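Worksheet: one structure, shown below.
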Amino acid sequence: MIALSQRARGIQPSATLAMDARAKELVRSGVDVISFGAGEPDFPTPFPAKERAITAIRENFTHYTPSAGIPELRQAVAEKLQNENGVEYSPEQIVITAGAKHALYMLFQCLLDPGDQVLVPAPYWVSYVEQVRMAGGEPVIVPARAEDGFRPRPEDLEKAVTPRTRALILNSPNNPTGAVYPRDRLEQIAAFALRHGLLVVSDEIYEHLIFGQAEHVSIASLGPEIKAHTVIINGVSKTYAMTGWRIGYAAADDTALIKAMVNWQSHSTSNATSISQWAALAALTGDQSQLGSMRAEFLQRRDYMVQRLQRIPGVRCPMPEGAFYAFPDVSQLFGRRWPGQNAYPERVIHSSRDLAELLLEVGKVAVVPGEAFGEPRCLRLSYATSMENILKGLDRMEAVIKRLVDA
Ligand code: PMP
Ligand code: GLU
């Protein structure tokens with residue numbers, strides 16, 4: 076056996092991608108599984124983006140690009156940030172990356188020395204903690220409780236700061252909770268970050284998937300001081316249903332930080348895929364009407380899914396304001412005994428992991444256990460799937476949980 080590096084030995088697989096792969100594998104092998112695991116829109120990529128990619132191939136834009144990204148796309152991102160978020164960046168303050176995930180990865184690599192700490196409000200998206208660790212940093216978890224709308228309390232943030240704290244992760248709209256931070260909470264967080272000289276890593280990838288009265292505000296737009304202490308992370312994956320194209324970006328005032336990320340990229344992926352960059356340019360600058368219909372469809376599905384979940388005994392589900400996930404608390408079901416049916420032997424359900432396994436094995440419904448997001452009382456259900464699947468999946472889930480409760 077080949078000895079793995081210390082770094083590699085510590086890495087946990089992405090629980091979200093693992094659940095998605097497991098569900099897809101079961102479907103391929105003929106099992107009728109309904110997946111609420113997916114973290115990606117189920118809509119097709121908009122037509123102009125697909126067409127632009129085909130043209131890019133025909134016109135031979137199939138070679139290396141500058142490591143920072145093609146100038147046209149950096150310029151388009153600068154205009155998008157100005158027009159949609161009210162923040163001004165020059166193209167030199169923007170790097171195009173192979174997905175927002177890789178932008179975050181490179182950011183932590185360029186920012187953290189061993190032992191540096193990053194505040195991560197929990198529930199958090201799975202990759203933050205692993206990526207901080209992969210950079211030698213230490214994630215410091217700050218609770219963001221359901222009763223507080225899944226936003227961390229100022230006193231909990233204050234308590235978590237040490238001389239080693241370098242940054243705070245802000246993810247609004249949030250994966251997995253769907254929480255959206257209102258302007259006054261962002262102002263509080265900005266004041267906190269400035270007081271302690273922290274960098275705010277603002278992951279805004281779900282900015283357009285927002286419902287009702289909620290409004291997306293980029294923390295960088297609150298003033299020049301906090302803008303200088305913020306790195307915006309975003310991409311086209313969620314807004315334009317382009318997860319497979321792998322295009323994201325980072326924007327920061329500090330050109331030296333962006334330069335370091337470009338250097339890092341020049342030695343790792345070289346550049347984001349040439350064809351995908353042209354497609355992303357078309358998505359950002361073309362007709363935006365698909366976004367409205369996608370949001371309307373998500374809204375309907377959210378309302379249906381959450382109302383159904385709220386009626387299942389032992390399940391408590393707050394109404395999320397953004398993204399495409401429901402995040403119900405199922406802890407009232409822990410300690411219940413599964414009577415042993417459908418070839419799944421008798422056992423006690425102790426955790427959301429146990430419950431997720433029961434739902435998959437007996438109900439043929441895939442969900443992601445909350446442990447992966449630092450909140451073991453909850454399950455994450457994605458409603459980025461058809462209404463028909465949502466209906467069927469919730470019927471199955473309800474039937475399994477009722478049997479568990481009645482047993
Ligand atoms: N941030 C969050 C909160 C996400 O849910 C995702 C989706 N995987 C990403 C970043 C990364 O997106 P991508 O790499 O596809 O741009
Ligand atoms: N962000 C999505 C999710 O949380 C996609 C999977 C991933 O990249 O982790 O499910």
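In this note's numbering, each residue carries its 1-based index in the sequence shown increased by 75.
Here a beta-carbon is modelled for each residue, glycine too, at the ideal position from N, C-alpha and C.
Only a predicted model underlies this, so the values are computations on that prediction, with no experimental measurement involved.
Would you check if the distance between the CB atom of Ala401 and the CB atom of Tyr458 is smaller than 9 Å?
As a working mapping, residue 401 is identified with position 326 in the sequence shown. As a working mapping, residue 458 is identified with position 383 in the sequence shown. Yes, these two residues count as a Cβ contact at 9 Å.
Measuring only the C-alpha atoms, how far is Pro403 from Gly298?
The residue labelled residue 403 in the question sits at position 328 within the sequence shown. The residue labelled residue 298 in the question sits at position 223 within the sequence shown. Cα-Cα distance, rounded: 36 Å.
Among the residues of its own chain, which have a CB less than 7 Å from the CB of Thr360, if the five just before and after it don't count?
Counted from its first residue, the sequence shown places residue 360 at position 285. Within the same chain, Cβ atoms closer than 7 Å to the Cβ of Thr360 are found at Ala151, the five residues on either side in sequence being excluded.
Beta strand (DSSP E) segments (min. 3 residues) lying fully within the stretch 183 to 207
192 to 197
Can you determine whether any heavy atom of ligand 1 sits closer than 8 Å to the C-beta of Lys176, and answer yes or no?
As a position in the sequence shown, residue 176 is number 101, starting the count at 1. Within the cutoff, so yes.
Say the cut is 8 Å; is the CB of Tyr281 nearer than that to a heavy atom of ligand 1?
Within the sequence shown, residue 281 is the residue found at index 206, counting from 1. Tyr281: yes, Cβ under 8 Å from ligand 1.
Leaving out the 5 sequence neighbours to the left and right, which residues in its chain are closer than 7 Å to Leu232 when beta-carbon positions are compared?
Mapped onto the sequence shown, residue 232 falls at position 157. Taken in chain order, the residues that qualify are Leu194, Val217 and Phe267.
Rank Ile387, Leu101 and Val201 by C-alpha distance to the C-alpha of Gln87 and give the top, closest one.
If you number the sequence shown from 1, residue 87 lands on position 12. When only C-alpha atoms are compared, the closest one is Val201.
When Val306, Leu92 and Gly114 are compared against Lys313, the one with the closest alpha-carbon
One-based indexing of the sequence shown puts residue 313 at position 238. Measuring from the Cα of Lys313, the nearest candidate turns out to be Gly114.
Quick one: complete beta strand (DSSP E) runs, 3+ long, within the stretch 204 to 230?
213 to 218
Can we say the stretch 180 to 191 touches the stretch 158 to 165, given the rule of at least three CB pairs closer than 8 Å?
Verdict: no, contact absent.
Along the chain, where does the beta strand (DSSP E) containing Leu61 start, and where does it finish?
What the structure shows of the chain is the stretch from 76 to 482, and residue 61 is not part of that stretch, so it cannot be assessed.
Kindly examine ligand 2 and report whether one of its heavy atoms sits closer than 8 Å to the Cβ of Val207.
Residue mapping note: residue 207 aligns to position 132 of the sequence shown, counting from 1. Not so, every heavy atom of ligand 2 lies at least 8 Å from the Cβ.
Tell me which same chain residues have a C-beta within less than 8 Å of the C-beta of Thr137, skipping the five on either side of it?
Along the sequence shown, one-based indexing puts residue 137 at 62. The answer, listed in chain order, is Ala131, Ser349 and Ile350.
Measuring only from the beta carbon, is Trp320 closer than 8 Å to any heavy atom that is part of ligand 2?
Against the sequence shown, residue 320 aligns to sequence position 245. Trp320: no, Cβ never under 8 Å from ligand 2.
What is the DSSP secondary structure of Leu79, reduced to helix, strand or coil?
By 1-based counting over the sequence shown, the position of residue 79 is 4. In the three-state DSSP reduction, Leu79 falls in the coil class, being neither helix nor strand.
Cβ neighbours of Val440 in the same chain (closer than 6 Å, five flanking residues each side left out)
Locating residue 440 in the sequence shown gives position 365, where the first residue counts as 1. Same-chain partners within the cutoff: Ile109, Leu434, Gly468, Arg471 and Met472.
Tell me the start and end of each unbroken beta strand (DSSP E) in the stretch 380 to 458 that is at least 3 residues and wholly inside, in chain order.
454 to 457
Specify whether the stretch 246 to 265 and the stretch 274 to 289 touch according to this definition: at least 3 beta carbon pairs, one from each stretch, less than 8 Å apart.
Of all C-beta pairs linking the stretch 246 to 265 to the stretch 274 to 289, three or more are shorter than 8 Å, placing the two stretches in contact.
Verify whether the separation of the beta carbon atoms of Phe225 and Pro393 is less than 9 Å.
On the sequence shown, residue 225 is found 150 positions in, with the first residue counted as 1. On the sequence shown, residue 393 is found 318 positions in, with the first residue counted as 1. Result yes, Cβ atoms of Phe225 and Pro393 sit closer than 9 Å.
Quick check: what's the CA-CA separation for Gln375 versus Met462?
Position 300 of the sequence shown, counted from the first residue, corresponds to residue 375. Position 387 of the sequence shown, counted from the first residue, corresponds to residue 462. Rounded to whole angstroms, Gln375 to Met462 spans 9 Å at the Cα level.
C-beta contact flag for Val443 and Met94 at 9 Å
The residue you call residue 443 lines up with position 368 of the sequence shown. The residue you call residue 94 lines up with position 19 of the sequence shown. Contact: yes.
Note the first and the last residue of the continuous beta strand (DSSP E) segment covering Ser247.
Taking the first residue of the sequence shown as position 1, residue 247 is located at position 172. Looking at the DSSP string, Ser247 is not in any beta strand (DSSP E), and its letter there is neither H nor E.
In its own chain, which residues sit with a C-beta less than 6 Å from the C-beta of Gly319, not counting the 5 before and 5 after it?
Here residue 319 refers to the residue found at position 244 of the sequence shown. If you ignore the 5 residues before and after Gly319, its C-beta comes within less than 6 Å of no other C-beta in its own chain.
Bounding residues of the beta strand (DSSP E) (the contiguous stretch that carries Asn160):
To locate residue 160, count along the sequence shown from 1; it is residue 85. Per DSSP, Asn160 belongs to no beta strand (DSSP E); it is in the alpha helix (DSSP H), Pro146 to Asn160.
For Asp278, report the span of its beta strand (DSSP E) as first-last.
Start at 1 with the first residue of the sequence shown, and residue 278 comes out as number 203. Segment Leu274 to Asp278, the beta strand (DSSP E) holding Asp278.
Would a C-beta distance cut-off of 9 Å place Gly410 and Phe286 closer than the cut-off?
Residue numbering aside, residue 410 sits at position 335 when the sequence shown is read from its first letter. Residue numbering aside, residue 286 sits at position 211 when the sequence shown is read from its first letter. At a Cβ-Cβ threshold of 9 Å, Gly410 and Phe286 do not count as neighbours.
What does DSSP give as the partner residue(s) for Val170 in the beta ladder?
Within the sequence shown, numbered from 1, the residue matching residue 170 stands at position 95. Its beta-bridge partners are Ala325.
Locate the beta strand (DSSP E) running through Thr305, then write down its first and last residues.
Numbered from its first residue, the sequence shown carries residue 305 at position 230. For Thr305, the enclosing beta strand (DSSP E) covers residues Thr305 to Gly310.
Looking only at its own chain, which residues have a Cβ that is under 7 Å from the Cβ of Leu261, when we skip the five neighbours before and after it?
Your numbering for residue 261 matches position 186 in the sequence shown. Taken in chain order, the residues that qualify are Val292, Ile294 and Leu297.
Please report how far the alpha carbon of Val381 lies from the alpha carbon of Gln206, in whole angstroms.
By one-based count along the sequence shown, residue 381 stands at place 306. By one-based count along the sequence shown, residue 206 stands at place 131. Computed Cα separation, rounded: 31 Å.
Note down, in chain order, each residue of its chain lying with its Cβ closer than 7 Å to the Cβ of Asp328, except the 5 sequence neighbours on either side.
Looking up residue 328 in the sequence shown gives position 253. Gln168, Lys302 and Ala303, listed in sequence order.
Beta carbon of Ile502: closer than 8 Å to some heavy atom of ligand 1?
Since the first residue of the chain shown is 76 and the last is 482, residue 502 is not available in this structure.
Identify, in the order they occur along the chain, each residue of the same chain with its Cβ nearer than 6 Å to the Cβ of Val276, setting aside the five sequence neighbours on each side.
Residue 276 sits at position 201 when you count from the first residue of the sequence shown. The answer, listed in chain order, is Ala242, Ile244 and Val306.
Would you mind giving the Cβ-Cβ distance between Gln192 and Val215, rounded to the nearest angstrom? I have them listed as a contact below 8 Å.
For the purposes of this step, residue 192 is taken as residue 117 along the sequence shown, with counting starting at 1. For the purposes of this step, residue 215 is taken as residue 140 along the sequence shown, with counting starting at 1. Confirmed, Cβ separation roughly 5 Å.
Counting Cβ pairs closer than 8 Å, one from the stretch 338 to 347 and one from the stretch 138 to 145, do we hit at least three?
yes
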